[in-house]
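Student:
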Amino acid sequence: MSAPITDIALGSDHAGFHLKEAVASHLRGKGFTVLNLGAFNDERSDYPQFVIPAAEAVRDGQAQAAIVFGGSGNGEAIAANKVRGIRCAVCWAPELGALARQHNNANAISLPARFITEDVALRIVDVYLAARYEGGRHEERLELIARYEALL
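Numbering of the sequence shown is given in numbering that gives the first Met the number 0, commencing with residue 0 and proceeding in unit increments.
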């Protein structure tokens, strides 16, 4: 089973900046430690320079999870998933946040700032953080992914 999350790394591009700031405030208010790795304003920026460090923070043990933000969330998830050991899922509904953790043991989620409201984003984050990995039938699938990743 997955351990509780206490430390969360955040990364975004300009399109996700405002949503990232709202989520950071929400998380701090709930007692989480937030590692905000940028972007630090809404001026045009390239998401890999902020998302990859957020994923690396999870890989390196500085955080137990990462939440990344962008316009669609797709590029951010792709970038995060390039970091060995990261399993990042794009989530646009609370149910997807829960399933990302329950079935995929996702240690990162990506939120599409141009497609969800702040309220939906906060519900996704809360559900994701409250969920626990179920193991069982899902374990073999994650082992298959890990075996493939080891070949790279």
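Virtual Cβ for every residue (Gly too), placed ideally from N, Cα, C.
Thinking just about the alpha-carbon of each residue, which of 7, 132 and 15 is nearest to the one in residue 29?
Tutor: When each option's Cα is compared against that of residue 29, the closest is 7.
Student: Roughly how many angstroms lie between the CA atoms of residue 71 and residue 11, to the nearest whole one?
Tutor: Taking the straight line from one Cα to the other gives about 11 Å.
Student: Excluding the 5 residues preceding and the 5 following residue 5 in the sequence, name in chain order all residues of the same chain whose CB lies nearer than 7 Å to its CB.
Tutor: Hits under 7 Å: 31, 32 and 63.
Student: May I ask which residues mark the beginning and end of the alpha helix (DSSP H) holding residue 26?
Tutor: Segment 16-28, the alpha helix (DSSP H) holding residue 26.
Student: Measuring only the C-alpha atoms, how far is residue 65 from residue 42?
Tutor: Looking at the two C-alpha atoms, the distance is approximately 22 Å.
Student: Just grab the DSSP bridge partners of residue 87 for me.
Tutor: Answer by DSSP bridge pairing, in chain order: 107.
Student: Can residue 101 and residue 130 be called in contact, C-beta distance under 8 Å?
Tutor: For residue 101 and residue 130, yes; Cβs fall inside 8 Å.
Student: Which value, in whole angstroms, describes the spacing of the CA atoms of residue 144 and residue 23?
Tutor: Near 30 Å, if we compare the C-alpha coordinates of residue 23 and residue 144.
Student: In the DSSP assignment, find the unbroken alpha helix (DSSP H) run with residue 82 in it and report its ends.
Tutor: Careful: residue 82 lies outside any alpha helix (DSSP H) and carries neither H nor E.
Student: Does the region 124-143 come into contact with the region 80-98, if we say contact requires no fewer than three beta-carbon pairs (one atom in each stretch) closer than 8 Å?
Tutor: The region 124-143 vs the region 80-98: in contact.
Student: Going by Cα to Cα distance, which pick from 83, 151, 114 and 126 is closest to residue 68?
Tutor: The candidate whose alpha carbon is nearest that of residue 68 is 114.
Student: Would you mind working out which of 140, 57 and 92 sits nearest residue 81, comparing C-alpha positions?
Tutor: Taking only the C-alpha atoms, the option nearest residue 81 is 57.
Student: According to DSSP, simplified to helix, strand and coil, what is residue 49?
Tutor: Helix at residue 49.
Student: Identify the residues that DSSP records as bridge partners of residue 71: which are they?
Tutor: Note: residue 71 sits in no beta bridge, so no partner.
Student: To which residues of the same chain is residue 126 closer than 8 Å at the C-beta, ignoring the five residues directly before and after it?
Tutor: Contacts found: 93, 94, 96 and 97.
Student: Could you tell me which of 54, 3, 124 and 19 sits nearest to residue 40, measuring between CA atoms?
Tutor: That would be 19, whose Cα lies nearest to the Cα of residue 40.
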